[in-house]
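> The sequence shown maps to residues 9 to 210 in my numbering.
Backbone N, C-alpha and C define an ideal beta-carbon position, used for all residues, glycine too.
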Amino acid sequence: MTKNTKNSYQNSYKKYGIDPRALKWRSEKAAKQRYEQIVADIDFNNKSILDVGCGFGDIVPYVANKSDIFSYKEIDFVPEFISEAKKKYPKYTFLVGDYFKQPLEEEFDIIICCGALNGNYKNNLGFRKKTIKTMFNHTKECLVFNMAGRHPKPETACRSNVWFSDSKEIFEYCETLSKKVLLKDDYHSNDFTIVMFKDNSI
9 MTKNTKNSYQ NSYKKYGIDP RALKWRSEKA AKQRYEQIVA DIDFNNKSIL DVGCGFGDIV
69 PYVANKSDIF SYKEIDFVPE FISEAKKKYP KYTFLVGDYF KQPLEEEFDI IICCGALNGN
129 YKNNLGFRKK TIKTMFNHTK ECLVFNMAGR HPKPETACRS NVWFSDSKEI FEYCETLSKK
189 VLLKDDYHSN DFTIVMFKDN SI
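What follows is the structure in structure tokens.
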């Protein structure tokens with residue numbers, strides 16, 4: 009992630025505090041909508057989980073509602089977010105780091121990435137494909153992520169902080185990596201969720 013992106017999140021945190029808007033969600037309802045889609049199709053019981061770009065860790069209760077036993081590690085490149093997350097959910101492991109630049113070496117049963125692939129960068133499509141492949145290579149069973157966008161691809165406004173992806177294009181790329189890919193694009197007009205399974209978990 010770029011320094012400008014980090015500064016933008018830090019400024020949002022200073023403005024809103026512990027609030028979904030600090031994470032660039034429009035509202036608590038918008039965040040909840042995404043979290044529900046992320047966890048909907050996955051069995052978390054007795055699984056090791058990594059949450060990439062975890063923010064305040066607020067997806068934890070959604071996972072906990074589906075499973076009593078799981079191990080959870082979360083990483084975000086904004087220190088203020090991690091500091092707050094540790095206070096809210098002290099039983100889990102939180103790390104400060106840029107997973108996209110320096111992925112963790114260990115593998116996890118499940119990797120989650122909610123809201124961290126929406127930024128507008130120089131090589132948007134290439135960055136997203138590389139990140140998806142990296143995360144999928146580090147999961148044993150399943151990768152689930154969401155992005156802003158749909159098919160046909162919406163126009164991205166000039167100087168927007170958000171880049172809209174083509175859901176069909178991303179889905180077809182994911183199919184080159186996995187034999188079983190789920191695309192969910194019926195819950196929001198400009199957001200979609202993809203679930204990718206490893207062959208041994210199908």
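How would you call Y24, buried or exposed, if buried means at least 16 neighbouring beta carbons within 10 angstroms?
exposed
> Look up D199 in the DSSP assignment and say whether it is helix, strand or coil.
strand
> Which residue comes first and which comes last in the beta strand (DSSP E) that contains S56?
55 to 60
> Looking only at its own chain, which residues have a Cβ that is under 7 Å from the Cβ of F200, when we skip the five neighbours before and after it?
N154, M155, G157, R158, S175, L191, K192, D193
> Which same chain residues end up closer than 6 Å to K206 when comparing Cβ atoms and leaving out the 5 residues on each side of it in sequence?
Closer than 6 Å at the Cβ level, and outside the excluded window around K206, lie E149.
> Throw me the rounded Cβ distance for the V170 and N128 pair, which I believe falls under 8 Å.
6 Å
> Go ahead and label Q45 buried or exposed: buried means 16 or more other beta carbons lie within 10 angstroms of its beta carbon, across all protein chains shown.
Buried.
> Beta carbon of N145: closer than 7 Å to some heavy atom of the ligand GTP?
Summarising the ligand content, the structure contains no ligands, and the ligand GTP is consequently not present.
> In angstroms, rounded to a whole number, what distance separates the CA positions of T13 and L125?
12 Å
> Near W33, what residues of its chain come up, given a Cβ to Cβ distance below 6 Å and the 5 sequence neighbours on each side ignored?
A39
> For I77, count neighbouring Cβ atoms within 10 angstroms of its own Cβ and tell me buried if that reaches 16, exposed if not.
exposed
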